[in-house]
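Take a look at the structure set out below.
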Amino acid sequence: ILGLLTNLPESEFQSGDIKINFTIEEVNKKLGSDFSADEIENVWERLKWEYLRDGESFNITVPADRPDITGVHDILSEIARLIGYDKVKDEIPKIDFKPKVDETTERMTYAREHMIESGYGEVMTYTFRKKGDIEVAHGVGDKSSLRTNLSDGLKDSYELNMRHSLLLGMKEIKIFEIGTVFLKDKEEMHVGMADKNGVKEWTLEEATSQENKNFTALPSLWGLRHGQNFSSPTLLFKMWSLFPYISRDVALWVEEDVEPENVTKVIKENMGPLVVRGPELFDQFKKEGKKSLGFRLVFQAYDRTLSDEEVNKNMEKVQFKLTEKGWTIR
141 ILGLLTNLPE SEFQSGDIKI NFTIEEVNKK LGSDFSADEI ENVWERLKWE YLRDGESFNI
201 TVPADRPDIT GVHDILSEIA RLIGYDKVKD EIPKIDFKPK VDETTERMTY AREHMIESGY
261 GEVMTYTFRK KGDIEVAHGV GDKSSLRTNL SDGLKDSYEL NMRHSLLLGM KEIKIFEIGT
321 VFLKDKEEMH VGMADKNGVK EWTLEEATSQ ENKNFTALPS LWGLRHGQNF SSPTLLFKMW
381 SLFPYISRDV ALWVEEDVEP ENVTKVIKEN MGPLVVRGPE LFDQFKKEGK KSLGFRLVFQ
441 AYDRTLSDEE VNKNMEKVQF KLTEKGWTIR
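Structure (structure tokens):
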């Protein structure tokens, strides 16, 4: 095959199917250069490409061995490469650019920042549900439809977080979600929230309207400025354990002048490395010249399921050290 190709006439071997037209003005405008027509013509002479020049315009025939050249943008690259990038002016071109505010994004930002400022944590629940207006061809398990609301998913998420509230160290669960719901004839962006008072849900427009009393704590939506940066603390992610946790409480009588911090120090020194949260003071009262203090510890391992026996040994050590101080375990 190579022998046959080498016997082809030179014109046939080098001919290409792609022809590209451009002007000198177009080249200089896009490159930010001031190349002359003669300089650009010299590029095609050096490359030995077929071309036609008509004043300030060129018609280039792309050789068959250069399939990477598909348009004017590639021609510009060749011109700059061969004439020299050092001859392209290092000036930022002036662009008449005016940023536009996307209303949906602005409303979502307002709603999210409001909920976070109000002490709610954002969750993302599953888009697929058992029932809905729109079914999918290949559902996952028993979830064969797209959700029609956020409330159902928020209820499930709230219950799940409540079961793990000790591990999370949260006395109250407050969550919210911003997401799309899928109705028969349209898609809508909704905002939902769940706390001890139940679940509430609105469309994005309703949630961020001036009339919604749930969103009056912050300035009005239209008071926000495009590009405003909200100050949020930097959070470092730490992988959670996939194994269940065990919680234990220890309550004791101490003298009235004993501070909880003194007891906390003793517990920390003896509780062992399996405590992932605590000791947390959850109960305190005085009676008959004594002070009662109650502490909660949450145990969890990252590589196995803990046994009651393991945890009990740690708690026995903690209780022994507390009694050594003269304090009485309740």
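Read in order, the letters of the sequence shown correspond to residues 141 to 470 in this note's numbering. Ideal placement from N, C-alpha and C gives every residue a C-beta, glycine not left out.
Output the distance between the C-alpha atoms of I158 and K240, rounded to the nearest integer angstrom.
Taking the straight line from one Cα to the other gives about 39 Å.
Under 8 Å: do the stretch 280 to 297 and the stretch 251 to 270 share three or more Cβ pairs, one atom per stretch?
Flag = yes, the stretch 280 to 297 and the stretch 251 to 270 touch.
Just how far apart, CA to CA, sit A204 and I232?
So the two alpha carbons sit approximately 35 Å from each other.
Report all residues from its chain with a CB closer than 6 Å to the CB of N161; omit the five preceding and five following residues, and keep chain order.
Taken in chain order, the residues that qualify are N199.
For a test of the three-state rule: what should DSSP assign to T249, helix, strand or coil?
Three-state result, T249: helix.
Can you tell me which residues form a DSSP beta bridge with G434?
In DSSP, G434 forms a bridge with A391, D423.
Closer than 7 Å by C-beta to L216: which residues in its own chain qualify, once you throw out the five before and the five after it? Chain order, please.
Cβ neighbours of L216 beyond the five flanking positions: V167, K170, L171.
Can you tell which of L382, A177, E428 has the C-alpha that lies nearest to the C-alpha of L307?
Of L382, A177, E428, the residue nearest in Cα terms is L382.
So for N161, helix, strand or coil by DSSP?
Strand.
For the pair the stretch 422 to 432 and the stretch 442 to 457, tell me if three or more CB-CB distances fall below 8 Å.
With a cut-off of 8 Å, the stretch 442 to 457 and the stretch 422 to 432 do not count as touching, because too few Cβ pairs lie within range.
Can you tell which of T348, Y250, P207, E420 has its C-alpha closest to the C-alpha of G434?
Comparing Cα-Cα distances from G434 to each of T348, Y250, P207, E420, the minimum goes to E420.
Under a three-way DSSP split, which group does R365 fall into?
Note on R365: pLDDT 40, under 50, position unreliable in the model; no value is reported.
CA-CA distance, I164 and I219?
Straight-line Cα distance between these residues: approximately 11 Å.
Below 8 Å, how does it come out for the stretch 304 to 319 and the stretch 223 to 231: are there three or more Cβ pairs, yes or no?
Taking 8 Å as the limit for Cβ pairs, the verdict is that the stretch 223 to 231 does not touch the stretch 304 to 319.
What does the alpha-carbon distance come out to for the pair E275 and V321?
Rounded to whole angstroms, E275 to V321 spans 13 Å at the Cα level.
In terms of DSSP beta bridges, what is L192 paired with?
L192 pairs with N199.
In this structure, does DSSP put W342 in helix, strand or coil?
It is a strand residue.
Check each candidate in T288, I223, E396 and name the one with the smallest Cα separation from D178.
Taking only the C-alpha atoms, the option nearest D178 is I223.
Check whether the stretch 435 to 442 and the stretch 402 to 422 touch, using three or more Cβ-Cβ pairs below 8 Å as the test.
The stretch 435 to 442 vs the stretch 402 to 422: in contact.
Whole angstroms are fine: how far does the CA of T249 sit from the CA of G332?
Rounded to whole angstroms, G332 to T249 spans 14 Å at the Cα level.
For a test of the three-state rule: what should DSSP assign to S291, helix, strand or coil?
Three-state DSSP puts S291 in a helix.
Measuring CA to CA, which of R287, F175, L294, E464 is closest to R221?
R221 has its Cα closest to that of F175, out of R287, F175, L294, E464.
Relative to the C-alpha of S305, which candidate in E464, S291, Y385, T245 has its C-alpha closest?
Minimum Cα distance to S305 is reached at Y385.
Can you give me the Cβ contacts of N289 inside the same chain, cut-off strictly under 8 Å, excluding the 5 residues immediately before and after it?
Here the set comprises V321, H330, G332, E341.
I'd like to know whether the C-beta atoms of G134 and I318 end up nearer to each other than 7 Å.
This structure gives no information on residue 134, because the portion of the chain shown stretches from 141 to 470.
Run the CB neighbour count on A347, radius 10 Å, all protein chains shown included, and call it buried at 16 or more, exposed below.
So A347 counts as buried.
Let me check understanding here. Comparing Cα to Cα, which of N402, K324, M455 lies closest to G412?
Nearest C-alpha to G412: M455.
Out of curiosity, what's the CA-to-CA distance linking L344 and D423?
Straight-line Cα distance between these residues: approximately 41 Å.
Reducing DSSP to helix, strand and coil, say where I209 ends up.
Correct three-state label for I209: coil.
Helix, strand or coil for L446, going by three-state DSSP, please let me know.
Coil.
Tell me the rounded alpha-carbon separation between N452 and T463.
Near 16 Å, if we compare the C-alpha coordinates of T463 and N452.
Have a look at the DSSP bridge pairing and note the partners of A334.
Looking at the DSSP assignment, A334 forms a beta bridge with I315, V339.
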